[in-house]
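*Asks:* Let me begin by handing over the structure; questions about it come next.
Number of protein chains: 2
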Amino acid sequence: MKKLILIACLCGCLTIAKAQQLKSPDGKLTMTFALEDGGKPRYSLVYKNKDVIKPSKLGLELKDDKKSLLSDFTVTDTKTSSFDENWKPVWGEVKTIRNHYNELAVTLTQKETNRIMIIRFRMFNEGLGFRYEFPAQKNLTYFIVKEEKTQFAMAGDHTAFWIAGDYDTQEYDYTTSKLSEIRSLAAKNRKENLSQTSFSPTGVQTSLMMKTSNGLYINLHEAALINYACMHLNLDDKNMIFESWLTPDVKGDKGYMQAPANSPWRTVMVSDDARDILASKMTYNLNDPGKIEDTSWIKPIKYVGVWWEMITGKSTWAYTDEYPSVQLGITDYSKARPNGKHGANTTNVKKYIDFAAKNGFGGVLVEGWNEGWEDWYGHSKDYVFDFVTPYPDFNVSEIRDYAKSKGIKMIMHHETSGSVRNYERHIDTAYKFMKANGYDAVKSGYVGNILPRGENHYSQWLINHYQYALEKAAEYKIMVNAHEAVRPTGIARTYPNLIGNESARGTEYQAFGGSKPNHVTVLPFTRLIGGPMDYTPGIFEMDISKLNPANHSHVNSTIANQLALYLTMYSPLQMAADLPENYERFPDAFQFIKDVAVDWDDSQYLEAEPGQYITVARMAKGTGQWFAGSVNGDNSRISNISFSFLAPGRTYEATIYADAKDAHYKTNPQAYTVRKVLVTNKSKLAQLCAPGGGYAISFKIANQATVKGLKKL
Amino acid sequence: MKKLILIACLCGCLTIAKAQQLKSPDGKLTMTFALEDGGKPRYSLVYKNKDVIKPSKLGLELKDDKKSLLSDFTVTDTKTSSFDENWKPVWGEVKTIRNHYNELAVTLTQKETNRIMIIRFRMFNEGLGFRYEFPAQKNLTYFIVKEEKTQFAMAGDHTAFWIAGDYDTQEYDYTTSKLSEIRSLAAKNRKENLSQTSFSPTGVQTSLMMKTSNGLYINLHEAALINYACMHLNLDDKNMIFESWLTPDVKGDKGYMQAPANSPWRTVMVSDDARDILASKMTYNLNDPGKIEDTSWIKPIKYVGVWWEMITGKSTWAYTDEYPSVQLGITDYSKARPNGKHGANTTNVKKYIDFAAKNGFGGVLVEGWNEGWEDWYGHSKDYVFDFVTPYPDFNVSEIRDYAKSKGIKMIMHHETSGSVRNYERHIDTAYKFMKANGYDAVKSGYVGNILPRGENHYSQWLINHYQYALEKAAEYKIMVNAHEAVRPTGIARTYPNLIGNESARGTEYQAFGGSKPNHVTVLPFTRLIGGPMDYTPGIFEMDISKLNPANHSHVNSTIANQLALYLTMYSPLQMAADLPENYERFPDAFQFIKDVAVDWDDSQYLEAEPGQYITVARMAKGTGQWFAGSVNGDNSRISNISFSFLAPGRTYEATIYADAKDAHYKTNPQAYTVRKVLVTNKSKLAQLCAPGGGYAISFKIANQATVKGLKKL
C-alpha cells in the first residue's frame, strides 16, 4: 500500500491534499482518499481499472452546529494495518470464514473547532467498508446528526435492482431498471402496506444491487447497524450520485450521538462475477466477534407451523368474532363465542406436531395462540398483547408436554403490532414464560405503525429496541427471528441468537396477490447480504383459492423452484410452510424438504445473475452430504453446472427434482420430475428450468446396491 | 332532585330540550343539564343563587370523524342515585372521609351515528364532578380525541391564582390577577425551566383557583387522571369562558381511546368560605376505592437528606469533573479523579443517619449516589442512569447496615432525566435492588425533556407511564414520591403508595432565585387539591450565600413560616430540608420540627384566603396531640383564631413559635420567639405575623408541674 503521495486532485483541479491509497489483499481494488479544497474528505474506488465509486463526499451534517463535520479538516494521522484471521460461525453457509483485509485509518482534525473524526477504511478482496469514528474528546461530546452526507457517485446509469426508500417497510417487489428510471417508477413500486412512509421520489433502500454496462456487479449496504438510524440512499439522478439518507426520528432528527461512538460501516462490494457478491462474508467480517460465550443452545431448525392457513385466510388468528373490540384482562374469552375458524387450537397444533415428528422436522410454530388477535392491527393499540395469556382452546402445558414427548420444539410467536413500549414492558415475563414452557426460539413481529407514535420502524429509536430485545433474549438463551424489524447488517456474528429476520417481501405475499417470479433471484443479492431471511418456502399448492375460495392469489413459482429455495435462500431457520395435506399430495417432492439440511460446512455459488438465476451447492455440516439448488426468473433457461464440488474419486447418487418440460409458474406450476442418476465430480448437468422454476438436487454416496439400478448422468 | 321538566333555554331562546337538575345534599348547589338546539349538551352551576358556571358546552371533538361527540344527541336515559359512605384513608388529614353525593347519569345517543355517550354528574356539598363515559358498543370502538370541548363559562372577570399553561412543567410562581389580565402577564409568568412548552397566551394549568367579586371561591381541576391526557384550560378572554385544552402527543393528537372507557372527572368546587375548598375531599372521593389489599407497608415519614447541599451548590451530585462525558458501563469511575465535592459519600450519609436517629426522624434521602450524574441533563441522553450502580464512595451495603442499626429507613432516589424508556427498562431491577438494600420508598424525578423525544410530561403517553411505575411499585411494596410528574388528581385513594409528588414550584426554587413570599398561601388552593406535595420545608438559613458563596439566592420566608409549613402544606412525607448544622444553630425552633406529626386523625381549617394566609389545626393520629400552623403572605397581619378544636375541660400547654415583632422574610427572617402558655378550648389567640411569616403551635396536655410555671394565654 502507498502512504503519503502528492496526487492530482481527484476532480481535476490541483490541491495540495495528501491523498491516501488503500488496496485489497489481491490488489484488484484500489481506494483513494483525499481532502479536497477546504479540507473536505473524499474517497473513490476503482476495480481492475474500472471506476466503481467516482470521487464522493464524506462527512456528516450536524444539527445546530455551524461547522458540521464536512469540511475544514486536515489529516493529522494515518495508520495502516492488515488483518488475516479465520473464525467459525455458530451456524452458516460455511464452516470457517476468513477475515482478510487491509486497513487505513485516517484521523481528521477540524481546524476551527479542534474536533477529531476518524474515518476507518477496510479493503477486502470483494469490497470496501468504511465508517466514521468519534473518539472521546473534549470538543465533541453530544451531537445530533441532521443528515449523514456519505456519497456513492456512480460511474454510469447502471441497472439497479431496487425497492423504494421507506421508513417502515421493505416488503415491496423489486423493480429492475436503470438508475435514471427510478423516479418514474418509484410510486408504482410502493404497493400498499400496513405501515409505510416514503421520503423521496428517488429514494431506495439498502442493500442496493447494481450491474454496470461494463460488467461490474456493485452492492451498497451497511454493516453493524447499532444505535444509529438505518441508511437509505437518495439518488441525484442528474449526476447519478447516491447520498446516504438516514431514517429520521419523530422530530426529524437523524441520530443522537455521544462520543466515543462509531457509525455503522458503509459497504461497497464489487466484482465482475456475481457469484462473489453472494459468497462474500464481508458484512459479517465487519461486525464484532461473538459476544455469547456458550452458544450450545443456538441451533438451526427446520419447522412447520400453524401459519399458512391463516395467511391464506383458511383459518383465523382471532378466536372470536363476537365483540366490537377487546381489552386484555377485561374481555372474558371464556364466555366468548368461538368463531370456529381459530387455527391455533390444541387439536390442530397436535396434528402439526405429529406431522413434524413423522417427517423429521425440528419444530412447530404457532401463531394466534394468545389473547388479543381480534383487533390486533390498524388501531394504534397500546396494550394489544401480553404474550403470556393463551386463548381458551390453546392448552399451553398440554402442548408443551405433547411436543416434548414427540421430540419437537415449539416455536413461540410474539406479534408486537408495532406497540414497542408494550412489548418491552412484557418482554421479561414473556421470555420467562417461553423457558418455562419449552420454547427456545421466538418469531417476533412488528406489523403496523410503531408506538411510540410518530416513530418509524427504521429509526435509531427502533434500532435500539431490536438490539435490546435481541441481547435480552441472549441472556435467556432464546433465539430470535424478527419480522418487520430492520433488515440485518451482519449483527448475527456478534449475537448468533439472531437466527433470522423477515424484513423483506416474503412468501406470505404470494397469498396476498403474488410476488414477481424472479423475486427470489434478487433477494440473495439484496436482502440477504446482511443476514439470513426467514423466507418460509415450500409451497406446493399455488392456487390459493383451493385453500380459501375467497382468496384468488397465485403463488408465482413452480414446485421445483420452491424446493430450490432451501438452498438458494440460505437460512438456519427453514420452514416447510404449506399445509400438511398439500405435502401429503406430493410425497416424492416433499422428500427433498425432509432430506435437505439447514446448516452447512461449505457452499459454492455455481451460477448467479441478479434478477435471473442463482445456482448453489452446499455441503451439510456433520454429515458432509451435498445438496444443490437453482432458482430461475422470468424466462426459460438451461442451467449448466459441473459437479466438481463433489469429492474426487467417489460415485454419488443424485436425486434431481426439476421442472417438467411444460412447467410454468403460472399455468403449470405443479409439474415436476424426480429422477435419480449416478454422478461423480466430473459430471456436468444441463438442466432446463421453467419460467419461475428451478431444480433441487440431493446427493448421497452411492453404494453397490444403488450403482446397480441407476444410470449415469 | 327534579327529573324531566320543560325549561326555558339556558341561553335565552326556547328549546324543546329536556333539562335535568341535580342538587347537592345540602341543597345549596344546583346543576342544570340540557340539550341545546341541535342536540348539543350543556350544563350550568348555581351556588346559593349565584352563577358559578354559566351555560357551558360539553363534548369531544374526534379526529377524522365528521360528527365528533358534540351535537345531534338525544337523551335516551337518565338515572339518578345517591351515595353516602365513609371510608378510611391509609394516611391523610383526617381519619375518616365522608363520600356523600347525589348523582345524575345522562345517556346521550347520537342520532346519525347511533353512538352512545354517558355524562355522569356527581354533586357534593362542596362542588360538582362530571365525566364522559363511552360504554362498550358496536358503533364506537377506537377513536382519537382531537380536543375535548368541555367549557367552564365564568360569570365575571374573576381574580385568579394561576400559572401559565405548559405541557412540561408546573414550576412557575403563581400570578394573582383578573382573568382579563392573563394574556398580558402569561409570558412573564413562564420563567425559564429545564423543560417547558407553552401553547396559548391565555392558557393556564389546573387546578385553577379563583375568587369572584361576589365572594365565591371557585376551583377547577380534574380527578382520576388515568390513561388520558392532562387537562389545561384555555381562556376565551372576550367572553370569560375556559375550555379544556388537553396535552397533545407527538403528532398533535390528544388521546387514543378504546371503548369501554371513561374520561377523568372534571371538578368544580365552590363555596363562600375558602376553608371549604381546602377541607374538601371531593377529588379523592371521585377516585376508585383502594386497590391495595395489605397496606401495612405504607407509612408516613419525616426525613432529612443529602440534597439541599447540592441544590444550593455547596456540594455536587456528580462524583468527578474529569471527563467530557460519561457512558455507563464504559466509564471506569474507579479510575476517575473525585471532584472532592460529592455529597453522596458514605461518611456524609452516615452523618445524616446519625442526625436523623438523634432527632427522631424516620428516614434519610440521598441524591447523587449512582453513576451518571456528570452529564445527567441537557443532552437528551437515552441510557443516562441504571439506578443500581453506586459511585465508588457510596457503599450501599455499609449504609444499609448502618441505617438499620440506627432504626433509620434509607429513601431511594431515581432521577430518570426524562428518559422514560430507559427507566422502564430498568425499573424491575431497580425496585428489586431497593428491596434488597432496605429501601421502601423512592423519590423519582423527570427533569428535562422527555424521551421518547417529542413527548411531553403531561401527555397521555406519560400519564400512562407514571401509573405503570406506581402500580409496579405497589407490587414490590414500594412507596413513590414522583417529582416533575403530572400533578396528582386523587389517585392516592386507589393507590395509597403514591405518598407524594412535587409537580409544582417547591422549596428548591428558593435556592434558584427565590419564590414569592405568598407562594405557600396559594399552593394548597391549587397544587394540593389533588394530593400532597413533597414541598421539603424547614429551611432555617435564608441567605444561601452562607452555604455557597456563589449562590446569592434568598429564601423568601421567615423561620416561623417554615415551621408552619409542616401544618399548612399537608404531606405524609415531610422533609427537614436544611443542613444539620443549620438546625443545630436554632435548637429551640428545631424542636417543633422534631415534635410535629405527619399523619392526622383530624384537621380543621381555621382561616384561609388564597394568596394571603392559611391557618390550620390538626390532631395527630394515634397520640391525639394537636398542632396548629399559619402561613402569611406579603403583608403583616394579625391572625385571630380560637382554640375550640381542643378537648373541652382540659388544660393544654401550647408552645407558640412566632415571628418576632420586627421579623421580615427579606430583611430579618431568622427573628422568632418561642413562648409556652396555658390554654383551653375557650382560649383565643391574636398573633402578629410578619410578611412571609407565620407561626406554629404544638399542644400537650398540661400536667400539674407544667401548670405551675406557666402563664395563661
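First to last, the sequence lines map onto chains Y and E. Counted from 1, the first sequence has number 74 at position 61 by the numbering used here; the numbering is strictly sequential. Counted from 1, the second sequence has number 600 at position 587 by the numbering used here; the numbering is strictly sequential. Backbone N, C-alpha and C fix where the C-beta goes; we use that ideal spot for every residue, glycine too. It should be emphasised that the depicted structure is a prediction, and the values quoted were computed from it without experimental measurement.
Cutting at 6 Å between CB atoms, please list the residues of its own chain near C24 (chain Y), excluding the five before and the five after it.
*Replies:* For this step, residue 24 (chain Y) is matched to residue 11 along the first sequence. Low confidence applies here, because C24 (chain Y) scores a pLDDT of 44, under 50, leaving its location unreliable and the question unanswered by this model.
*Asks:* Return no unless some Cβ of chain Y is closer than 8 Å to the Cβ of A149 (chain E).
*Replies:* Here residue 149 (chain E) refers to the residue found at position 136 of the second sequence. Cβ-Cβ to chain Y under 8 Å: yes for A149 (chain E).
*Asks:* Measure the Cβ-Cβ separation of A349 (chain Y) and F407 (chain Y) and say whether it is below 8 Å.
*Replies:* The residue labelled residue 349 (chain Y) in the question sits at position 336 within the first sequence. The residue labelled residue 407 (chain Y) in the question sits at position 394 within the first sequence. No.
*Asks:* Bridge partners of R128 (chain Y), per DSSP?
*Replies:* Position 115 of the first sequence, counted from the start, is the residue given in the question as residue 128 (chain Y). DSSP links R128 (chain Y) through a beta bridge to Y:Q123.
*Asks:* Can you give me, in chain order, the residues of the segment 420-445 of chain E that have a beta carbon less than 8 Å from any beta carbon in chain Y?
*Replies:* R434, E437, R438, D441
*Asks:* Can you pull the DSSP bridge partners for M136 (chain Y)?
*Replies:* Reading the first sequence from its first residue, position 123 is the one you call residue 136 (chain Y). Answer is Y:N115, Y:L141, bridged to M136 (chain Y).
*Asks:* Could you check the C-alpha separation between A633 (chain E) and F374 (chain E) for me, to the nearest Å?
*Replies:* Walking along the second sequence from the start, residue 633 (chain E) turns up at place 620. Walking along the second sequence from the start, residue 374 (chain E) turns up at place 361. Approximately 16 Å, taken between the alpha carbons.
*Asks:* Taking the C-alpha atoms as reference points, what is the distance between M14 (chain E) and C243 (chain E)?
*Replies:* Within the second sequence, numbered from 1, the residue matching residue 14 (chain E) stands at position 1. Within the second sequence, numbered from 1, the residue matching residue 243 (chain E) stands at position 230. For M14 (chain E), the predicted structure reports a pLDDT of 44, less than 50, and the residue's modelled location is therefore unreliable. A value from the coordinates is still provided. Each residue's Cα considered, the two are about 32 Å apart.
*Asks:* Compare the C-beta of K264 (chain Y) with all C-beta atoms of chain E and state if any pair is closer than 8 Å.
*Replies:* Here residue 264 (chain Y) refers to the residue found at position 251 when the first sequence is read from its first residue. Closer than 8 Å to some Cβ of chain E, the Cβ of K264 (chain Y) qualifies, so yes.
*Asks:* Can you grab the Cα-Cα spacing for the pair G169 (chain Y) / A718 (chain Y), in whole Å?
*Replies:* Indexing the first sequence from 1 puts residue 169 (chain Y) at position 156. Indexing the first sequence from 1 puts residue 718 (chain Y) at position 705. About 58 Å.
*Asks:* Run through chain Y and tell me which residues come within less than 7 Å of T154 (chain E), C-beta to C-beta.
*Replies:* Locating residue 154 (chain E) in the second sequence gives position 141, counting from the first residue. When 7 Å is used as the limit between beta carbons, T154 (chain E) is near these residues of chain Y: P337, S338, in chain order.
*Asks:* In this structure, does DSSP put M270 (chain Y) in helix, strand or coil?
*Replies:* By 1-based counting over the first sequence, the position of residue 270 (chain Y) is 257. If DSSP states are grouped into helix, strand and coil, M270 (chain Y) belongs with the strands.
*Asks:* Locate the beta strand (DSSP E) running through E387 (chain E), then write down its first and last residues.
*Replies:* By one-based count along the second sequence, residue 387 (chain E) stands at place 374. Neither: E387 (chain E) is in no beta strand (DSSP E) and is coded neither H nor E.
*Asks:* Can you tell me where the beta strand (DSSP E) with Q587 (chain E) in it begins and where it stops?
*Replies:* Translated into positions along the second sequence, residue 587 (chain E) becomes position 574. Start and end: 586-588.
*Asks:* With a 10 Å radius around its C-beta and 16 neighbouring C-beta atoms as the bar for buried, classify A590 (chain Y) as buried or exposed.
*Replies:* Translated into the one-based positions of the first sequence, residue 590 (chain Y) becomes position 577. For A590 (chain Y), the number of other beta carbons within 10 angstroms of its own is at least 16, and it is reported as buried.
*Asks:* Let me see if you follow: with CB-CB separation under 8 Å, is W386 (chain E) close to chain Y or not?
*Replies:* One-based indexing of the second sequence puts residue 386 (chain E) at position 373. No, W386 (chain E) lies away from the interface with chain Y (no Cβ there is under 8 Å from its Cβ).
*Asks:* Using the rule of at least 16 other Cβ atoms within 10 Å of the residue's Cβ for burial, across every protein chain shown, is A32 (chain Y) buried or exposed?
*Replies:* Reading the first sequence from its first residue, position 19 is the one you call residue 32 (chain Y). By the neighbour-count rule (16 or more Cβ atoms within 10 Å), A32 (chain Y) is buried.
*Asks:* Quickly, what does DSSP pair I157 (chain Y) with across the bridge? List them, please.
*Replies:* Counted from its first residue, the first sequence places residue 157 (chain Y) at position 144. Y:Y269.
*Asks:* Is K689 (chain Y) helix, strand or coil by DSSP?
*Replies:* Taking the first residue of the first sequence as position 1, residue 689 (chain Y) is located at position 676. Strand, per DSSP.
*Asks:* From the DSSP output, in three-state form, read off P593 (chain Y) for me.
*Replies:* Taking the first sequence and counting its residues from 1, one reaches residue 593 (chain Y) at position 580. Helix, per DSSP.
*Asks:* My assumption, with CB atoms under 8 Å, is that G503 (chain E) sits in contact with L299 (chain E). Please give the rounded CB distance.
*Replies:* Reading the second sequence from its first residue, position 490 is the one you call residue 503 (chain E). Reading the second sequence from its first residue, position 286 is the one you call residue 299 (chain E). Contact flag correct, Cβ pair sits at about 6 Å.
*Asks:* What do you get for P302 (chain Y), buried or exposed, if any count of 16 or more other CB atoms within 10 angstroms of its CB means buried?
*Replies:* The count along the first sequence starts at 1 and reaches residue 302 (chain Y) at position 289. Classification for P302 (chain Y): exposed.
*Asks:* So what's H234 (chain Y) in DSSP terms, helix, strand or just coil?
*Replies:* Residue numbering aside, residue 234 (chain Y) sits at position 221 when the first sequence is read from its first letter. DSSP places H234 (chain Y) in strand when its eight states are reduced to three.
*Asks:* Could you check what DSSP says for D64 (chain E) in three-state terms: helix, strand or coil?
*Replies:* Within the second sequence, residue 64 (chain E) is the residue found at index 51, counting from 1. Strand.
*Asks:* CB-CB under 6 Å to V749 (chain E), same chain, minus the five flanking residues each way: which ones, in chain order?
*Replies:* Here chain E comprises residues numbered 14 to 726, so residue 749 (chain E) is not present and cannot be evaluated.
*Asks:* Just the Cα atoms here: how many angstroms apart are D441 (chain E) and K76 (chain Y)?
*Replies:* As a first step, residue 441 (chain E) must be located in the second sequence, where it is residue number 428. As a first step, residue 76 (chain Y) must be located in the first sequence, where it is residue number 63. Roughly 35 Å between the two C-alpha positions.
*Asks:* Between the Cα of T628 (chain E) and those of E:E594, E:R135, E:Y708, spot the shortest distance and give me the residue it belongs to.
*Replies:* Walking along the second sequence from the start, residue 628 (chain E) turns up at place 615. Checking every option, the nearest Cα to that of T628 (chain E) belongs to E:Y708.
*Asks:* Mind pulling the chain E residues with CB within less than 9 Å of H392 (chain Y)?
*Replies:* Your numbering for residue 392 (chain Y) matches position 379 in the first sequence. In chain order: T154, Y155, Y269, Q271.
*Asks:* What does A395 (chain E) reach in chain Y if we use C-beta pairs closer than 8 Å?
*Replies:* Translated into positions along the second sequence, residue 395 (chain E) becomes position 382. The sequence shown places Asp at residue 395 (chain E), not Ala. Listed by position along chain Y, the residues whose Cβ is nearer than 8 Å to that of D395 (chain E) are Y269, N477.
*Asks:* For P54 (chain E), verify whether its CB is less than 7 Å away from any heavy atom of the ligand GDP.
*Replies:* No copy of the ligand GDP occurs in the structure displayed, which carries no ligand at all.
*Asks:* Would you say E468 (chain E) reaches chain Y, if we count a Cβ-Cβ gap shorter than 8 Å as a contact?
*Replies:* As a first step, residue 468 (chain E) must be located in the second sequence, where it is residue number 455. Closer than 8 Å: yes.
*Asks:* With respect to the alpha helix (DSSP H) encompassing K224 (chain E), which residues constitute its N-terminal and C-terminal limits?
*Replies:* Locating residue 224 (chain E) in the second sequence gives position 211, counting from the first residue. Not the alpha helix (DSSP H): K224 (chain E) falls in the beta strand (DSSP E), residues 221-224.
*Asks:* Flag this pair as yes or no: are the beta carbons of T549 (chain E) and Q625 (chain E) separated by less than 8 Å?
*Replies:* As a first step, residue 549 (chain E) is located in the second sequence; it is residue number 536 there, counting from the start. As a first step, residue 625 (chain E) is located in the second sequence; it is residue number 612 there, counting from the start. Not in contact: T549 (chain E) and Q625 (chain E) (Cβ atoms no closer than 8 Å).
*Asks:* Mind checking if W474 (chain Y) is an interface residue toward chain E, Cβ cutoff 8 Å exclusive?
*Replies:* Against the first sequence, residue 474 (chain Y) aligns to sequence position 461. True, the Cβ-Cβ gap to chain E drops below 8 Å.
*Asks:* Can you tell which of Y:Q123, Y:I131, Y:F137 has the C-alpha that lies nearest to the C-alpha of N115 (chain Y)?
*Replies:* Locating residue 115 (chain Y) in the first sequence gives position 102, where the first residue counts as 1. Ranked by Cα distance from N115 (chain Y), the options Y:Q123, Y:I131, Y:F137 are led by Y:F137.
*Asks:* Of the choices Y:P405, Y:L464, Y:D647, whose alpha-carbon is the least far from that of G10 (chain Y)?
*Replies:* Lying outside 14 to 726, the shown extent of chain Y, residue 10 (chain Y) is not represented and no answer is given.
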